[in-house]
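Asker:
There are 2 protein chains.
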Amino acid sequence: MGIERVNGDRLWSALMEIGRIGETHGGGCRRLALSEEDGRARDLFCRWAREAGCTVTVDAIGNIFARRDGTQRDAPAVAIGSHLDTVPTGGKFDGVYGVMAGLEVMRRLQELGLTTRLPVELVVWTNEEGARFSPMTMGSSVFTGDIALDFALSRHDPSGVSVGEALRRIGHAGEAPVGGRQFTAYLETHVEQGPLLKESGERIGVVTGSFMARYFVATIKGQAAHVGPTLMEQRHDAMVGASALVLEIDRIGRSRGRDGRSNAPHIELFPNVRGVIPEEVRLSCDVRHPDAGEVQAMEAELREACRRIAEERGVSIELEQYFEFGPINCHQSMNELIGETADLLDLPRRDILTVASHDAVPIMEYCPTALFFIPSETGISHNEKEYSTPEHCTDGANVLLNAVLRLAS
Amino acid sequence: MGIERVNGDRLWSALMEIGRIGETHGGGCRRLALSEEDGRARDLFCRWAREAGCTVTVDAIGNIFARRDGTQRDAPAVAIGSHLDTVPTGGKFDGVYGVMAGLEVMRRLQELGLTTRLPVELVVWTNEEGARFSPMTMGSSVFTGDIALDFALSRHDPSGVSVGEALRRIGHAGEAPVGGRQFTAYLETHVEQGPLLKESGERIGVVTGSFMARYFVATIKGQAAHVGPTLMEQRHDAMVGASALVLEIDRIGRSRGRDGRSNAPHIELFPNVRGVIPEEVRLSCDVRHPDAGEVQAMEAELREACRRIAEERGVSIELEQYFEFGPINCHQSMNELIGETADLLDLPRRDILTVASHDAVPIMEYCPTALFFIPSETGISHNEKEYSTPEHCTDGANVLLNAVLRLAS
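Just so you know, the protein sequences line up as chains B and G, in that order. Those letters in the first sequence? Residues 659 to 1067, by the working numbering. Those letters in the second sequence? Residues 659 to 1067, by the working numbering.
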């Protein structure tokens, strides 16, 4: 079986064109899930997919399936995919690169007049980022049954708009039932969101597993009081308690060197007015490490910090876990397929772990799944500066095309 | 000249009745400036004032003037007043007590059939708290010319509603020009917002001056990046920088014992989503002390903390002052009037400084002004637990009535 190659210029053009929807002044992209911009990007994707010979179906959580039939029409499809939504400070690659690489695969298959044995489906998953609506990987998790459809549709953004309402507004509340589509395998390519490939010089990162991540909300309760006459010794300031906790969370991740991560990126403060000592803070935080035992140790340090800070600062702190993922070992046969395909294409590769979740993570339990990375020039993502070169983008799409052909032929 | 006394039961009833507008489950009051609840409280006040024989005028910033003519109709009035708005975690006394004590004075004058020589005006100032619309003491500061009317009308709340629009919605965008009313004197009574009178046992606190307070916004800038793959050593986390600063601010106030105050009660975080390391934080903060030199020293420590934290945490921090008040020395003759009136009523009194601003603070530069406190049972305010006894409320209204009679007769 020979090697096929995508049209790298066409892939880059598509990536740049769809990146103008929600483009920011600094060249990044702000395309929050189910926003008007996300709706326009989805519409453009659907048009392109139909022009590439696909039939398009949207399910009730807004996942889009662009299908190219195979000679065995009823066989489970080979699925590829990613997401079009971004965080508020997003770049032009995270998520959308995987979708555009998949689109280029579909275009190339059409151009070559190739009919595969198995159907091929390109999926756009709804709300991977979880930035506007929590939780993240929403569309893929509803698809696999990890999250109930009704629960997901009722989640709302900070202004009170629900997922269901947002889907209707942009015309992507589909009629297809969620789930029930069988996949032979699922493949996802993504830009690396850190510096490791760039540092080590390989061009493909085969994701062999994931860090373990455990997510919490810390609720810090103090006492509202006037900021002026209330003596310092009388205070129970929830923001002072939360601040001490943020510093401890930062320290816990740093103490593990390059394998540790810890974050406290989201805060809600009540009443958050200039005349009142803060009464309550809700702080979202997480700890991550490749080793599950280390995550447990980090959690233990976090709980001890909560206890000590509550005592020292005269507040109460409750820590509640609301999510976790990993550690995951990816499917070895799928990793081997990606590795062999990279070797055929003469692309140096290395094994790598993912620290972030991706749609591929919930799908891993559903069918054989592969996730692989291309290098990031800046080592940064969720930032306007996010950048991968046209050559690296072409590399990933070539691996995707040839791996799909191997699975679907 | 004899001593007159208010009807304490009627005062307490009025205080409890108006406190039901915006009443919270815990017995406090949430009546944000120019909200629907504030509108209802203002309407009730206007009805009560008219029933007490006053004519009611509303100016363009919504300040309400309830006037009782004197025999010298064109002479400058003796003014009394306070505010009806509360913070989100408010109690039933802060601000509204001064208005209800003033109403009781008007009711008692009518009941006694007394016509004073000078007119008496009871003023409800708009938005003293600054909780929904910043800055605070808005109505009184526009009245004195310290803040421009257009500037004040264009301030907006977090949902984008302007002061001008909010005034129109509740029907309190008055037609009277702002300012230009001459006052012989201004008197304001308020519940103490701290524990000093309760601790020392006196029943009237004569405010002889104020703390000095200096207000800042610290803008902490980091770099947005993905919370997962971004190595801890690569991070520039604005929330970590802000948290270190909050702890330093808290330390600076505590290091001055009972005379120091420092606060960081209001925060804005961008983008404030779970997947992104915080890029920017705007932290409102202040330092206070009775001694201006100490305030300057506290500010110097704050600026040094900003410099050091920026370096240690890999962020930039800019500190911008946006407001200050004090130290103020109140009018000695007015303090003597309050002191003598308290003595006549056999009410033990002490001199006291105010740490918070009040409408009386901007008015101090406009005409001879007195501000005096009654004890707080809980030593706390801006909290549902705020409480002063009916007896203490009656004390303050008695001082107000007799001081008004001395000034206006």
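Beta carbons are placed, not taken as given, at the ideal position from N, Cα and C, and that holds for glycine.
(1) Which partner residues of Glu-1049/G appear in the DSSP bridge assignment?
(2) Would you mind working out which of Ile-722/B, Gln-730/B, Gly-1054/B sits nearest Thr-773/B, comparing C-alpha positions?
(3) With a threshold of 7 Å between beta carbons, is Ser-858/B in contact with chain G?
(4) Can you tell me whether DSSP reads Ser-671/G as helix, strand or coil?
(5) Any Cβ of chain B within less than 7 Å of the Cβ of His-947/G?
(6) Against Ala-902/B, what residues of chain G qualify as contacts under a CB-to-CB distance less than 8 Å, listed in chain order?
(7) Return the first residue and the last residue of the beta strand (DSSP E) that Ser-920/B is part of.
(8) I'd like to know whether the C-beta atoms of Gly-1054/G and Ile-1032/G end up nearer to each other than 7 Å.
(9) Please classify Lys-1043/B: does DSSP put it in a helix, a strand, or coil?
(10) Give me the chain G residues within the contact set of His-924/B, using Cβ-Cβ distance strictly less than 7 Å, ordered along the chain.
(11) Does Ser-740/G pass the burial test, meaning 16 or more other C-beta atoms within 10 Å, or should it be called exposed?
(12) Rounded to the nearest angstrom, what separates Glu-976/G and Ala-876/G at their Cα positions?
(13) For a test of the three-state rule: what should DSSP assign to Asn-785/B, helix, strand or coil?
(14) Beta carbons nearer than 9 Å to chain G: which residues of the region 880-897 of chain B have them?
(15) Where does Tyr-844/B sit, in a helix, a strand or coil, going by DSSP?
(16) Is the CB of Ala-1014/G under 7 Å away from at least one CB in chain B?
(17) Taking 7 Å as the CB-CB limit, is Pro-746/G close to chain B?
(18) Return the CA-CA distance between Ser-624/B and Gly-918/B, expressed in angstroms with no decimal places.
(19) Name, please, each residue of chain G whose Cβ falls closer than 9 Å to the Cβ of Arg-916/B.
(20) In angstroms, rounded to a whole number, what distance separates the CA positions of Arg-618/B and Pro-1026/B?
(21) Could you give the residue range of the beta strand (DSSP E) that holds Asp-1009/G?
(22) If you reduce the DSSP assignment to three classes, tell me which class Asp-696/B lands in.
(23) Should Pro-1020/B be flagged as near chain G, meaning a C-beta pair shorter than 7 Å?
(24) List, in chain order, every chain G residue whose beta-carbon is nearer than 7 Å to that of Leu-927/B.
(25) Per DSSP, what kind of secondary structure is Val-865/G in: helix, strand or coil?
(26) Counting pairs of beta carbons, one from the region 799-808 of chain G and one from the region 752-765 of chain G, are three or more of them closer than 8 Å?
(27) Identify which residue in Gly-867/G, Ala-733/G, Asn-930/G has its Cα closest to the Cα of Thr-842/G.
(28) Starting from Ile-1032/B, follow the beta strand (DSSP E) in both directions and report where the run begins and ends.
(29) Under a Cβ-count criterion, where at least 16 other Cβ atoms within 10 Å of its own Cβ denotes burial, should Glu-994/B be classed as buried or exposed?
(30) Taking the alpha helix (DSSP H) that Ile-1038/B falls in, what are its first and last residues?
(31) Residue range of the beta strand (DSSP E) that Asp-944/G falls in?
(32) Can you list, in chain order, the residues of its chain with a C-beta nearer than 7 Å to that of Ala-896/G? Leave out the 5 residues immediately preceding and following it.
(33) List the endpoints of the continuous alpha helix (DSSP H) containing Val-875/G.
(34) Pick from Arg-909/G, Glu-860/G, Asn-921/G, Pro-985/G: whose alpha carbon is nearest that of Leu-1005/G?
(35) Going by C-alpha distance, which of Val-716/B, Glu-833/B, Leu-770/B, Val-1062/B is nearest Val-781/B?
(36) Is Leu-780/G helix, strand or coil when you go by DSSP?
Answerer: If we stick to the structure as given:
(1) The count along the second sequence starts at 1 and reaches residue 1049/G at position 391. In DSSP, Glu-1049/G forms no bridge with anything.
(2) If you number the first sequence from 1, residue 773/B lands on position 115. Taking only the C-alpha atoms, the option nearest Thr-773/B is Gln-730/B.
(3) By 1-based counting over the first sequence, the position of residue 858/B is 200. Chain G, which has no Cβ nearer than 7 Å to the Cβ of Ser-858/B, makes this no.
(4) The residue you call residue 671/G lines up with position 13 of the second sequence. Of the three classes helix, strand and coil, the one that applies to Ser-671/G here is helix, per DSSP.
(5) Residue numbering aside, residue 947/G sits at position 289 when the second sequence is read from its first letter. Taking Cβ atoms only, chain B never reaches closer than 7 Å to His-947/G, which makes this a no.
(6) Residue mapping note: residue 902/B aligns to position 244 of the first sequence, counting from 1. Here the neighbours are Ser-901, Leu-905.
(7) As a first step, residue 920/B must be located in the first sequence, where it is residue number 262. Going by DSSP, Ser-920/B is part of the beta strand (DSSP E) stretching over 919-928.
(8) Position 396 of the second sequence holds residue 1054/G. Position 374 of the second sequence holds residue 1032/G. In contact: Gly-1054/G and Ile-1032/G (Cβ atoms closer than 7 Å).
(9) Along the first sequence, read from residue 1 onward, the residue named residue 1043/B stands at position 385. Here Lys-1043/B sits in coil by DSSP.
(10) For the purposes of this step, residue 924/B is taken as the residue at position 266 of the first sequence. Here the neighbours are Asn-930, Val-931, Arg-932.
(11) Taking the first residue of the second sequence as position 1, residue 740/G is located at position 82. Under this definition Ser-740/G is a buried residue.
(12) One-based indexing of the second sequence puts residue 976/G at position 318. One-based indexing of the second sequence puts residue 876/G at position 218. It is roughly 6 Å from the alpha-carbon of Glu-976/G to the alpha-carbon of Ala-876/G.
(13) By one-based count along the first sequence, residue 785/B stands at place 127. Of the three classes helix, strand and coil, the one that applies to Asn-785/B here is coil, per DSSP.
(14) Gln-881, Ala-882, Ala-883, His-884, Val-885, Gly-886, Pro-887, Thr-888, Leu-889, Met-890, Glu-891, Gln-892, Arg-893, Asp-895, Met-897
(15) Locating residue 844/B in the first sequence gives position 186, where the first residue counts as 1. Note: Tyr-844/B maps to strand in three-state DSSP.
(16) What you label residue 1014/G is simply residue 356 of the second sequence in a count that begins at 1. Taking a beta-carbon distance threshold of 7 Å, Ala-1014/G counts as an interface residue toward chain B.
(17) On the second sequence, residue 746/G is found 88 positions in, with the first residue counted as 1. Chain B contact via Cβ: present.
(18) Because chain B in this structure spans residues 659 to 1067, residue 624/B falls outside the shown range and cannot be described.
(19) Here residue 916/B refers to the residue found at position 258 when the first sequence is read from its first residue. Residues of chain G passing the Cβ test: Leu-889, Met-890, Glu-891.
(20) Nothing can be reported for residue 618/B: it is not among the residues displayed for chain B, which extend from 659 to 1067.
(21) Taking the second sequence and counting its residues from 1, the one referred to as residue 1009/G is at position 351. Its beta strand (DSSP E) spans residues 1007-1012.
(22) On the first sequence, position 38 is the one that residue 696/B refers to. Three-state DSSP puts Asp-696/B in a helix.
(23) If you number the first sequence from 1, residue 1020/B lands on position 362. No - not a single Cβ of chain G is within 7 Å of the one on Pro-1020/B.
(24) Translated into positions along the first sequence, residue 927/B becomes position 269. What Leu-927/B touches in chain G: Ile-925.
(25) One-based indexing of the second sequence puts residue 865/G at position 207. Strand at Val-865/G.
(26) no
(27) What you label residue 842/G is simply residue 184 of the second sequence in a count that begins at 1. Cα-wise, what sits closest to Thr-842/G is Ala-733/G.
(28) As a working note, residue 1032/B is residue 374 in the first sequence. If you look at Ile-1032/B, you'll find it in the beta strand (DSSP E) that goes 1027-1032.
(29) The count along the first sequence starts at 1 and reaches residue 994/B at position 336. The residue in question, Glu-994/B, is exposed, as its Cβ has fewer than 16 Cβ neighbours within 10 Å.
(30) Working through the first sequence from its first residue, we reach residue 1038/B at position 380. Ile-1038/B -> no alpha helix (DSSP H), and no H or E assigned at all.
(31) Along the second sequence, read from residue 1 onward, the residue named residue 944/G stands at position 286. Taken as a continuous stretch (DSSP letters only), the beta strand (DSSP E) holding Asp-944/G covers 938-947.
(32) Against the second sequence, residue 896/G aligns to sequence position 238. Same-chain partners within the cutoff: Ile-878, Lys-879, Gly-880, Pro-936, Glu-937, Glu-938, Val-939, Val-973.
(33) Position 217 of the second sequence, counting from 1, holds the residue named residue 875/G. Segment 870-879 is the beta strand (DSSP E) holding Val-875/G; no alpha helix (DSSP H) there.
(34) Residue mapping note: residue 1005/G aligns to position 347 of the second sequence, counting from 1. For the residues Arg-909/G, Glu-860/G, Asn-921/G, Pro-985/G, the minimum Cα distance to Leu-1005/G belongs to Glu-860/G.
(35) The residue you call residue 781/B lines up with position 123 of the first sequence. Answer by Cα proximity: Val-716/B.
(36) Counting from 1 along the second sequence, the entry for residue 780/G is found at position 122. Of the three classes helix, strand and coil, the one that applies to Leu-780/G here is strand, per DSSP.
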